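Peer 1: Next up is a structure, given as structure tokens.
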Amino acid sequence: MRIVPKHIVAVSGYIVNDHGEVLLVKTHYRSDTWELPGGQVEEGESLHHALVREVHEETGLKIVPLGVTGVYYNATDHILVVVFRGKYEEGDLNIQTQEIKEANFFLLTSKNISKYITRPHIASRVQDAMKCNCLVPYEAWEVSPCRTLGRVGV
1 MRIVPKHIVA
11 VSGYIVNDHG
21 EVLLVKTHYR
31 SDTWELPGGQ
41 VEEGESLHHA
51 LVREVHEETG
61 LKIVPLGVTG
71 VYYNATDHIL
81 VVVFRGKYEE
91 GDLNIQTQEI
101 KEANFFLLTS
111 KNISKYITRP
121 HIASRVQDAM
131 KCNCLVPYEA
141 WEVSPCRTLG
151 RVGV
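Shown next as structure tokens:
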């Protein structure tokens with residue numbers, strides 16, 4: 001009998017607008033901190049498409065993923081989180097009120113990050129994305145027939 005691993009894959013986005021501000025959301029279930037928008041990858045969905053979908057669902061904004069800034073694992077809940085850097089493309093903030101309490105763009109610095117992000121595991125992801133000068137390429141493909149579904153970070 002084959003045992004299938006049970007892991008959740010999620011994505012988050014360090015999304016920057018033309019003013020250098022970063023998109024952050026505050027959820028109802030973690031209302032003590034701001035965090036990067038994102039969520040679970042659906043079955044059959046590529047990571048970059050999941051990020052675009054999640055950011056749009058949560059904030060109403062259209063974004064473009066640029067590349068991966070880090071990969072993180074929550075060993076308690078078995079969640080693998082891939083963080084992308086992205087850029088704001090268009091749209092007005094229009095939050096999904098069932099999950100999201102607030103959303104806004106903030107000018108984040110290493111000196112003021114603790115004012116917004118109060119949980120260490122979220123702060124480390126944001127700090128890594130802030131400092132990341134080299135994006136890790138990400139590519140999604142199908143093998144039968146072989147075709148590239150998308151590539152970012154190059």
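Numbered according to the UniProt record's numbering, the sequence shown spans residues 1 to 154. Where a beta carbon is used, it is the ideal one built from N, C-alpha and C, also for glycine. Bear in mind the structure is a predicted one, so any value in this text is a computation, not a measurement.
Looking only at its chain, what residues have a beta carbon closer than 7 Å to the beta carbon of A50, apart from the 5 residues adjacent to it on each side?
Peer 2: Leaving aside the five residues that flank A50 on each side, the residues in its chain whose CB is nearer than 7 Å to its CB run, in chain order, V11, V41, E42.
Peer 1: With which residues is E142 paired in a DSSP beta bridge?
Peer 2: E142 is bridged by DSSP to R147.
Peer 1: Rounded to a whole number of angstroms, what is the C-alpha to C-alpha distance between A75 and G91?
Peer 2: If you draw a straight line from the Cα of A75 to the Cα of G91, it is about 36 Å long.
Peer 1: Please report the residue range of the beta strand (DSSP E) in which A103 lies.
Peer 2: 100-106
Peer 1: E99 and T33 look like a contact to me (Cβ under 8 Å); what is the Cβ gap, rounded to whole Å?
Peer 2: At roughly 15 Å, the Cβ-Cβ gap does not stay under 8 Å, so E99 and T33 are not in contact.
Peer 1: Note down, in chain order, each residue of its chain lying with its Cβ closer than 6 Å to the Cβ of P65, except the 5 sequence neighbours on either side.
Peer 2: H48, L51, F84, G86, V152
Peer 1: Would a C-beta distance cut-off of 8 Å place Y29 and V22 closer than the cut-off?
Peer 2: no
Peer 1: For the beta strand (DSSP E) that I95 lies in, which residues bound it at each end?
Peer 2: Element bounds for I95: n/a, residue is neither H nor E.
Peer 1: Taking 8 Å as the threshold (C-beta atoms), are G39 and D128 in contact?
Peer 2: no
Peer 1: For K6, which of H78, N17, A140, E142 has the nearest alpha-carbon?
Peer 2: For K6, the nearest C-alpha among the options comes from H78.
Peer 1: Within its chain, find whatever has a CB closer than 8 Å to the CB of S110; leave out the 5 residues flanking it on each side and keep chain order.
Peer 2: Q127, M130
Peer 1: Which residues does DSSP pair with L23 in a beta bridge?
Peer 2: F105
Peer 1: Using only the heavy atoms of the ligand ATP, determine whether one of them is closer than 7 Å to the beta carbon of S144.
Peer 2: Of the ligands one can find in the structure shown there are none, so the ligand ATP has no counterpart to examine.
Peer 1: Leaving out five residues before and five after C132 in sequence, what residues of the same chain have Cβ atoms less than 6 Å from its Cβ?
Peer 2: T69
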